[in-house]
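Peer 1: Quick note on full-length UniProt numbering: the sequence shown kicks off at 1 and runs consecutively.
Glycine included, C-beta positions come from ideal geometry on N, C-alpha and C.
Owing to the predicted nature of the structure, the values given are computational and were not obtained by experimental measurement.
Got a structure here, written out as structure tokens. Questions coming.
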Amino acid sequence: MSLGNMDAFLFEDGCMDDSLALGLIKDDDLDRVFLDAKDVLDLPPATKRKIDETEPDKETARKNAKREAYKKHIRKRQNEHADLKQQVQELEDQLQFLSNMKAIDATFASNWENIARDLASHRQESAAENEKLRQKVAEQSEFIETLQTLLAKRPRLAVFENDEWKALRLVADPSKRIHGMNALLHRQRQMLTGVFLQCGLLEPHDDDVHKVNVCSDITKMLISESVRFVRMNVPYPVLAEAAWNVSLGREITEKWGDNYKILETIDANTVYVEYVPRNGVADASGVLCARYLYRRYYEDNRVVIVWKSILEDECYPLDESVMRVHQSGWMVIEGDVKNPTQSLYKLFVQRHSPTRAGKLIHLTDVFQFIMPNISLEKRTTTYVTDFIVQSFRGVEVAFEKAIDVAVRKLTYHHRHDFMLTQAEMSL
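In structure tokens, the structure reads:
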């Protein structure tokens with residue numbers, strides 16, 4: 001140790017003990033300090049240099065070791081960070097893959113899921129409504145039995161709380177009448193998806209379809225169901241307007257007579273029509289009357305037309321001898337997404353057994369009315385089936401021909417109006 005270092009050891013504030021600074025160090029300790037210093041000074045020069053050189057080497061080694069430890073710590077943290085970053089990327093890739101798969105599944109499944117959800121909701125509503133009616137019938141059973149003993153005439157179907165429309169009956173009271181019309185047509189619109197799913201019209205077909213199915217179970221009081229799908233080379237707004245006009249009897253053709261009468265126009269898209277059919281069935285069955293409530297719905301890229309028969313009406317009573325037609329219908333005319341100049345025409349019609357004087361007419365009696373000149377021996381199942389199929393198929397063909405005529409009229413009027421507009425602008 002050099003003399004300068006010795007002076008620093010003895011007298012610097014940072015190295016000197018407080019007891020030395022105050023002169024309170026003991027004599028023995030002071031002697032030991034100077035003896036240690038003397039031993040150092042008495043060492044040979046080489047030994048002293050070795051000691052002086054060893055101290056910086058140890059300090060350097062300590063710093064290097066500390067630096068290496070720090071570097072090792074940093075590398076460890078960097079590796080951990082890289083691993084975590086890779087895991088995050090892998091999880092993000094997996095999330096993106098699952099999101100894409102879910103989107104694909106939703107694209108193909110959402111339509112059917114919505115349909116199933118709607119049908120389940122309608123089933124629940126129908127079940128709740130039926131249960132409500134059953135409870136009310138039970139409550140009124142005693143009252144009905146009393147009336148049956150007092151009235152000679154058999155009572156009609158009991159209805160409650162302005163529910164006459166459920167029996168296809170309109171009352172004279174204006175507010176109840178409008179309520180019944182709206183409720184009846186709203187229910188028809190709700191049934192559209194279910195009946196189209198049932199008859200196969202929910203998705204478009206590659207080829208034209210025209211089927212008339214005769215029901216074999218006469219206990220259901222259902223005569224037939226008609227299914228029609230066809231592509232027409234007409235823009236859907238024009239075709240929809242033509243179909244609406246023909247349905248209301250505003251377009252007359254040779255096969256589509258003038259036996260229509262509009263009873264009430266509730267609004268531009270809701271009309272109450274009376275129609276006396278003039279086809280093979282009607283001509284053979286005597287007096288037959290059809291009254292329909294029509295409503296038109298404008299929806300995205302399509303027009304929906306629904307209708308339902310009215311069997312009894314307090315404002316327009318029918319004679320008890322007249323047969324009332326009972327029919328339900330749904331028509332959808334939509335634009336072809338692949339060809340905007342084309343339309344998809346979809347039709348589903350259910351024809352039920354008619355009624356007379358508030359009573360359902362059994363199908364065996366209906367056949368007697370529509371085939372009075374055909375002997376019972378010739379009235380086989382095959383003959384009756386063919387007769388019904390051809391009769392209703394002929395009605396639907398005549399309806400489409402009337403629509404075709406109406407389309408040409410609309411197209412002519414539109415072209416004529418356009419030409420007039422152009423002529424006025426050129427003046």
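#1: Quick one: what does DSSP say Thr-385 is sitting in, helix, strand or coil?
#2: Check residue 458 in the structure and name its three-state DSSP category.
#3: In the DSSP assignment, find the unbroken beta strand (DSSP E) run with Glu-334 in it and report its ends.
#4: On the CB-based measure, 16 or more other CB atoms within 10 Å of its CB, does Glu-251 come out buried or exposed?
#5: Please state whether DSSP places Asp-404 in a helix, a strand or coil.
#6: Measuring only the C-alpha atoms, how far is Lys-76 from Thr-60?
#7: Which residue from Lys-346, Thr-385, Arg-356 and Ala-357 puts its Cα closest to that of His-205?
#8: Return the residue from the list Lys-401, Ile-310, Leu-263 and Pro-340 that minimises the CA-CA distance to Gly-180.
#9: With a 10 Å radius around its C-beta and 16 neighbouring C-beta atoms as the bar for buried, classify Lys-409 as buried or exposed.
#10: Which of the three DSSP states is assigned to Cys-289 in this structure?
#11: Which class does His-205 belong to by DSSP, given the choice of helix, strand or coil?
#12: Taking 8 Å as the CB-CB limit, is Tyr-412 close to chain D?
#13: Taking the C-alpha atoms as reference points, what is the distance between Pro-317 and Phe-196?
#14: Report yes if the CB atom of Val-407 is closer than 8 Å to the CB atom of Val-238, and no otherwise.
#15: Run through the DSSP bridge pairs and tell me what Arg-123 is partnered with.
#16: Going by other Cβ atoms of all chains shown within 10 Å of its Cβ, with 16 needed for buried, is residue 431 buried or exposed?
#17: For a quick check, are the C-beta atoms of Val-325 and Ala-290 less than 8 Å apart?
#18: What does DSSP give as the partner residues of Tyr-272 in its beta bridges?
#19: With Lys-346 as the anchor, note down where its beta strand (DSSP E) starts and where it stops.
#20: For Val-212, count neighbouring C-beta atoms within 10 Å of its own C-beta (all shown protein chains included) and say buried if the count is 16 or more, exposed if not.
#21: Note down the Cα distance separating Ser-353 from Glu-225, rounded to an integer number of angstroms.
#22: What does DSSP give as the partner residues of His-81 in its beta bridges?
#23: Since Ile-262 contacts Val-246 with CB under 8 Å, what's their CB separation in whole angstroms?
#24: Can you list, in chain order, the residues of its chain whose CB lies under 6 Å from that of Ile-328, leaving out five sequence neighbours each side?
#25: Do Arg-228 and Glu-396 count as a contact pair if the criterion is CB distance below 8 Å?
#26: Thinking C-beta only, is Glu-314 closer than 8 Å to Ala-357?
#27: Could you compute how far the alpha carbon of Val-405 sits from the alpha carbon of Ala-268?
#28: Express the C-alpha separation of Ile-178 and Ile-403 in angstroms, rounding to a whole number.
#29: Just how far apart, CA to CA, sit Asp-207 and Val-287?
#30: Spell out the partners DSSP gives Gln-170 in its beta bridges.
#31: Could you compute how far the alpha carbon of Leu-184 sits from the alpha carbon of Gln-94?
#32: Tell me where the alpha helix (DSSP H) around Gly-194 begins and ends.
#33: Run through DSSP, which three-state label would Glu-299 get?
#34: Leaving aside the five residues before and after Gly-249 along the sequence, list all residues of the same chain whose C-beta is less than 6 Å from its C-beta, in chain order.
Peer 2: According to the data block:
#1: Locating residue 385 in the sequence shown gives position 385, counting from the first residue. In this structure, Thr-385 counts as helix in the three-state DSSP scheme.
#2: Nothing about residue 458 can be read from this structure; the chain reaches only from 1 to 427.
#3: Mapped onto the sequence shown, residue 334 falls at position 334. Note, Glu-334: beta strand (DSSP E), 323 to 336.
#4: For the purposes of this step, residue 251 is identified with residue 251 of the sequence shown, where counting begins at 1. Looking at its Cβ environment, which holds 16 or more other Cβ atoms inside 10 Å, Glu-251 is buried.
#5: Here the question's residue 404 lines up with position 404 in the sequence shown. Asp-404 falls in the helix class under three-state DSSP.
#6: Counting from one through the sequence shown, the residue named residue 76 turns up at place 76. Counting from one through the sequence shown, the residue named residue 60 turns up at place 60. Cα-Cα distance, rounded: 24 Å.
#7: Here residue 205 is taken as the residue at index 205 of the sequence shown, counted from 1. Cα-wise, what sits closest to His-205 is Lys-346.
#8: Numbered from its first residue, the sequence shown carries residue 180 at position 180. For Gly-180, the nearest C-alpha among the options comes from Ile-310.
#9: Walking along the sequence shown from the start, residue 409 turns up at place 409. Burial call: exposed.
#10: Locating residue 289 in the sequence shown gives position 289, counting from the first residue. It is a strand residue.
#11: Position 205 of the sequence shown, counting from 1, holds the residue named residue 205. In this structure, His-205 counts as coil in the three-state DSSP scheme.
#12: Looking for chain D here will not work: only one protein chain is present.
#13: Looking up residue 317 in the sequence shown gives position 317. Looking up residue 196 in the sequence shown gives position 196. Rounded to whole angstroms, Pro-317 to Phe-196 spans 34 Å at the Cα level.
#14: Mapped onto the sequence shown, residue 407 falls at position 407. Mapped onto the sequence shown, residue 238 falls at position 238. In contact: Val-407 and Val-238 (Cβ atoms closer than 8 Å).
#15: Residue 123 sits at position 123 when you count from the first residue of the sequence shown. Paired residue(s): none; Arg-123 is not in a bridge.
#16: A question about residue 431 goes unanswered here, because the residues of the chain that appear run from 1 up to 427.
#17: As a first step, residue 325 is located in the sequence shown; it is residue number 325 there, counting from the start. As a first step, residue 290 is located in the sequence shown; it is residue number 290 there, counting from the start. For Val-325 and Ala-290, yes; Cβs fall inside 8 Å.
#18: Your numbering for residue 272 matches position 272 in the sequence shown. Per DSSP, Glu-264 and Leu-293.
#19: For the purposes of this step, residue 346 is identified with residue 346 of the sequence shown, where counting begins at 1. It spans 339 to 356 - the beta strand (DSSP E) in which Lys-346 sits, taken as one unbroken run.
#20: The residue labelled residue 212 in the question sits at position 212 within the sequence shown. Burial call: buried.
#21: Sequence index remark: in the sequence shown, residue 353 carries index 353 (1-based). Sequence index remark: in the sequence shown, residue 225 carries index 225 (1-based). Cα-Cα distance, rounded: 12 Å.
#22: Residue numbering aside, residue 81 sits at position 81 when the sequence shown is read from its first letter. DSSP, once it has assigned bridges, lists no residue as partnering His-81.
#23: Mapped onto the sequence shown, residue 262 falls at position 262. Mapped onto the sequence shown, residue 246 falls at position 246. Between Val-246 and Ile-262 the Cβ distance is about 13 Å, and since that is not below 8 Å, they are no contact.
#24: As a first step, residue 328 is located in the sequence shown; it is residue number 328 there, counting from the start. It should be noted that the sequence gives Ser, not Ile, for residue 328. Around Ser-328: Lys-308 and Gln-350.
#25: Looking up residue 396 in the sequence shown gives position 396. Looking up residue 228 in the sequence shown gives position 228. Yes, they are a contact pair.
#26: Counted from its first residue, the sequence shown places residue 357 at position 357. Counted from its first residue, the sequence shown places residue 314 at position 314. Not in contact: Ala-357 and Glu-314 (Cβ atoms no closer than 8 Å).
#27: As a position in the sequence shown, residue 405 is number 405, starting the count at 1. As a position in the sequence shown, residue 268 is number 268, starting the count at 1. Each residue's alpha carbon lies about 22 Å from the other.
#28: Indexing the sequence shown from 1 puts residue 403 at position 403. Indexing the sequence shown from 1 puts residue 178 at position 178. Those two C-alpha atoms are separated by around 30 Å.
#29: Locating residue 207 in the sequence shown gives position 207, counting from the first residue. Locating residue 287 in the sequence shown gives position 287, counting from the first residue. Rounded to whole angstroms, Asp-207 to Val-287 spans 38 Å at the Cα level.
#30: Here residue 170 is taken as the residue at index 170 of the sequence shown, counted from 1. One point to set straight first is that residue 170 is Leu, not Gln, in the sequence displayed. Paired residues: Asp-313.
#31: If you number the sequence shown from 1, residue 184 lands on position 184. If you number the sequence shown from 1, residue 94 lands on position 94. The straight-line gap from Cα to Cα measures roughly 51 Å.
#32: Residue numbering aside, residue 194 sits at position 194 when the sequence shown is read from its first letter. 192 to 199 is the span of the alpha helix (DSSP H), which, as asked, contains Gly-194.
#33: Taking the first residue of the sequence shown as position 1, residue 299 is located at position 299. Glu-299 falls in the strand class under three-state DSSP.
#34: Indexing the sequence shown from 1 puts residue 249 at position 249. Hits under 6 Å: Tyr-260.
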